[in-house]
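Report on the structure given below.
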Amino acid sequence: MTEIYAHRGSKGTHPENTLIAFRECLNLAITGIELDVHLSKDGKLIVMHDDFIDRTTNGKGEIRNYTLAELKKFNVGNYRYEPQKIPTLEEVLDLCQSSGLTLNIELKTDVNRYRGIERKVLRLLKKKQGDLTVIFCSFNFKTLRRLRRLNRKANLNVLIKRNLKPGLKWAKKVKADAMHPPFYMKNKAEAWETLYKTRYWTINKVEDMRECFANPNVTGFMTDFPALAAEIKEEMERAETDV
């Protein structure tokens, strides 16, 4: 049945892209975790969605202008949880490497190029992947091309924002495994569901989750509420076996 990916960890219930959010996902009946990676000023792989730290921390400025040690001084969190530290990709791998989950790593090179980030991520995975399955995605098609050149077997997925045609073009160029379009483009993307695996982002409404679970052509989706998605999936599977 349809794959479930926890978007930035359990973003709907925990501070996004933090170890506490990822830890919440380890015992859920889901496929994997989606997370975002940047480079710090001193070349460390930083897990955060935005290029700026303003929205999710008590600091201000761009990730690329801070060293890892400086970034670790800021707190991530919300009113329900104790402040969290900004994690590195290595820390996430250490946490998840024996979980058997799939990590969907988005390289955030659509604003800042982060020269060498592709090679750094692949080198780290060589040491720390454990029994994790890893897939890559990016809005930057050139990043996908670099990953393909560095690793012919890499599982590459084309992220789409608005225009599907360039995505299809690049999917062919890099021999992508799947397309990741936004769910609001589903009507346009349906034609591709049989050409490429299709994982939609970001699905949080129960009726939309049910629609995806019921459609055999939908490979999976990202959600801020992975526990809820897992419950709905289990409920629908139970109903099928009871018929």
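Each residue of the sequence shown is one higher than the one before, counting from 9 in our numbering.
Note that the Cβ used here is the ideal one computed from N, Cα and C, for glycine as well.
Within a Cβ cutoff of 7 Å, which residues of the same chain sit near D216, ignoring the five residues on either side of it in sequence? F191
State yes or no: is the C-beta of T206 within less than 8 Å of the C-beta of D232? Result no, Cβ atoms of T206 and D232 do not sit closer than 8 Å.
State buried or exposed for L47, treating a residue as buried only when at least 16 other CB atoms are found within 10 Å of its CB. buried
Reduced DSSP secondary structure (H/G/I, E/B, other) of M187: strand
Is it buried or exposed for T75, if we count other Cβ within 10 angstroms and need 16 for buried? exposed
K7, buried or exposed, once every other Cβ within 10 Å from all chains shown has been counted against 16: Outside the shown range of the chain, which is 9 to 251, sits residue 7, and nothing can be said about it.
Pull up the distance between the alpha-carbon of E32 and that of S18, whole angstroms please. 7 Å
Member of E70, V45 and I71 whose CA lies at the smallest distance from the CA of L101: V45
Classify N25 as buried or exposed, calling it buried when 16 or more other Cβ atoms lie within 10 Å of its own Cβ. buried
Between which two residues does the beta strand (DSSP E) holding K205 run? K205 to Y208
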